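Undergrad: Per numbering that gives the first Met the number 0, the sequence shown starts with residue 0, numbered consecutively.
Cβ atoms here follow ideal geometry from the backbone N, Cα and C, with glycine treated the same way.
All figures in this text were calculated on a predicted structure; none of them were measured in a lab.
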Amino acid sequence: MTQGPVRLEVSVSYALPRAGLPSSVSFRRWVAAALKGRIREADLAIRIVDNKEGRALNRHYRGKDYATNVLSFPAEMAEGVKLPKGVKMPLLGDLVICAPVVAREAKEQKKTLAAHYAHLTVHGTLHLLGWDHEDDTEAECMEQLEREILAELGIADPYAED
């Protein structure tokens, strides 16, 4: 059986009231599941935002003027740059998850809020590891991996049609 990360640092910050949102423990568990057997050490941050911040970030970094469910920002370190004290490599990057979008999508897709957050956390974490879905083949591979990870967490296939 493959092991999860030996050292995993997940920092979760909430830019809106936490009521009804998953705990940092849940986010850490979902990240650990996505990293299991893929990486031994990881340091990443997750920020839960409102529509305004989600839209501003999506517009600035992707040129799309709307809030999206999850944004992934892989860490890129220039040659010779030193990390701040206490930050260790591998610094994976940051995930930004827009709470109102996640809530709306979960309702529309008839999924539990926790299951949708888990899926988007796994999806975003895989992006930080370099997975993508730019073409059909990549999308199929990434979706299958997400299904397997979520199944290990006891979460149903997020891509299944009702």
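Taking only runs that begin and end inside the region 44 to 117, name each unbroken alpha helix (DSSP H) of 4 or more residues, in chain order.
TA: The region 44 to 117 contains these whole alpha helix (DSSP H) runs: 50 to 61, 98 to 107.
Undergrad: Can you give the Cα-Cα distance for A66 and G123, rounded to whole angstroms?
TA: Answer to the nearest angstrom: the Cα atoms are 15 Å apart.
Undergrad: Helix, strand or coil, according to DSSP, for D134 in the structure here?
TA: Coil at D134, not helix or strand.
Undergrad: Would DSSP call R17 helix, strand or coil?
TA: R17 falls in the coil class under three-state DSSP.
Undergrad: Decide yes or no for the touch test of the region 46 to 63 against the region 13 to 21: beta carbon pairs closer than 8 Å, at least 3 of them.
TA: Touching, yes, given that three or more Cβ pairs across the two stretches are closer than 8 Å.
Undergrad: Strictly by DSSP, which residues pair up with A41?
TA: DSSP output for A41 lists L7 as bridge partner(s).
Undergrad: From the DSSP output, in three-state form, read off S22 for me.
TA: In the structure shown, S22 sits in coil (DSSP, three-state: anything other than H, G, I, E or B).
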